[in-house]
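Under the working numbering, the first residue of the sequence shown is numbered 16, with each subsequent residue one higher. Beta carbons: idealized from backbone N, C-alpha and C, even for Gly. If you're wondering where the values come from, they're calculated on a predicted model, not measured in any experiment.
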Amino acid sequence: MKINKYLEDLKAKSAAQLNDELVAAKKELFNLRFQNATNQLDNTSRIKEVRKNIARIQTVITEKAKVAE
Numbered sequence: 016m017k018i019n020k021y022l023e024d025l026k027a028k029s030a031a032q033l034n035d036e037l038v039a040a041k042k043e044l045f046n047l048r049f050q051n052a053t054n055q056l057d058n059t060s061r062i063k064e065v066r067k068n069i070a071r072i073q074t075v076i077t078e079k080a081k082v083a084e
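This is how it looks when you write it as structure tokens:
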């Protein structure tokens with residue numbers, strides 16, 4: 016249920032908002048990887064979750080681009 020709500024939120028956003036969210040997610044992933052490398056990361060499953068969210072955002076961006084054609 017949580018994922019469906021997140022996807023609905025993504026689909027409601029504009030392309031510019033999705034790009035901003037994508038940049039933010041990539042920054043978060045970088046920070047998580049950095050923390051993991053320095054053994055400061057407690058919740059390692061967050062890396063997997065952020066990677067999947069990045070893929071979801073990219074998928075919605077691609078869908079919107081195909082509809083616009």
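Tell me whether valine 65 is buried or exposed, calling it buried when 16 or more other Cβ atoms sit within 10 Å of its Cβ. Buried.
Who are the near neighbours of lysine 79 in its chain, counting only those whose CB is closer than 7 Å to its CB and skipping five residues on each side? Here lysine 79 has Ala30 as same chain residues with Cβ atoms under 7 Å from its own Cβ, once five neighbours each way along the sequence are excluded.
Between which two residues does the alpha helix (DSSP H) holding asparagine 58 run? First-last for asparagine 58: undefined, no H or E at that position.
Inter-residue CB distance, isoleucine 62 and glutamate 36 (contact presumed, cutoff 8 Å): Not quite, the Cβ-Cβ distance comes to about 18 Å (not below 8 Å), so this is no contact.
Tell me the rounded alpha-carbon separation between arginine 48 and lysine 20. The alpha-carbon atoms of arginine 48 and lysine 20 are separated by roughly 26 Å.
Straight-line gap, leucine 56 to glutamine 50 (C-alpha atoms, nearest Å): Going by C-alpha positions, leucine 56 is about 5 Å away from glutamine 50.
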